[in-house]
Amino acid sequence: MFKIQEVRELIKLIDSSNIDEFEYKKDGTTIKMKKRGNEVVAVQAPAAKQAMQSVAPIEVETTVAAAQVEVPKQEEKKAVQNENLHKITSPMVGTFYASSSPDTPAYVNVGDRVSKDSIVCIVEAMKLFNEIDADVEGEIVEILVNNGQLVEYGQPLFLVKA
1 MFKIQEVREL IKLIDSSNID EFEYKKDGTT IKMKKRGNEV VAVQAPAAKQ
51 AMQSVAPIEV ETTVAAAQVE VPKQEEKKAV QNENLHKITS PMVGTFYASS
101 SPDTPAYVNV GDRVSKDSIV CIVEAMKLFN EIDADVEGEI VEILVNNGQL
151 VEYGQPLFLV KA
């Protein structure tokens, strides 16, 4: 099984290189990455599940492509309105969750005040739940992603008025 840090390093290396497609196998697990423009799509599946492996990347890549189309429109609109907003971005590829479980309230809502060490959400990557800190003091102005949505490395999640 790959460690999250190993996957992050692979994503950064692939993102900064001229490689368009990458596949890596270790201990019966496979990581496949494909670039789309400036974005990196990462998919991991156990090597033993060949039937799932051929279906899962197609679904994930389709979802990611839709997210890539929507994000730039939102960013352009907000950049024109207010340049003093700080973006809290995803440090990894994974699934965005606004709360720790479906029956608990969201960590933050629009209008909430956050400090640098406030937890604003969770990003799940490879069955690991990673708490994301605000890294800035201010007020949440907008939540840019939906609960359960796949997010990319560096994708803006929140806008904070500092």
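With full-length UniProt numbering applied, the sequence shown corresponds to residues 1 to 162, in that order.
In this text, a Cβ means the ideal position worked out from N, Cα and C, and glycines have one as well.
From a predicted model like this one, the values you see are computed outputs, not experimental measurements.
Give the DSSP-derived three-state secondary structure of residue i in the structure shown.
{"i": "Ile11", "result": "helix"}
{"i": "Glu137", "result": "coil"}
{"i": "Ile4", "result": "helix"}
{"i": "Asn146", "result": "coil"}
Could you spell out where the beta strand (DSSP E) holding residue i opens and where it closes?
{"i": "Glu152", "result": "That residue, Glu152, is in no beta strand (DSSP E); it is neither H nor E in DSSP."}
I'd like to know if residue i contacts chain B, where contact means its C-beta is closer than 8 Å to some C-beta of that chain.
{"i": "Lys116", "result": "Looking for chain B here will not work: only one protein chain is present."}
Opposite residue i in the DSSP bridges: which residues?
{"i": "Thr95", "result": "Glu124, Leu150"}
{"i": "Val114", "result": "Gly138"}
{"i": "Ile119", "result": "Asp133"}
{"i": "Ile88", "result": "Phe158"}
Give me the Cβ distance between residue i and residue j, rounded to the nearest whole Å; I'm assuming they're in contact under 8 Å.
{"i": "Ile88", "j": "Leu10", "result": "Their Cβ separation, rounded to whole angstroms, is 23 Å, which puts Ile88 and Leu10 out of contact at 8 Å."}
{"i": "Ile140", "j": "Val110", "result": "5 Å"}
{"i": "Ser115", "j": "Glu137", "result": "5 Å"}
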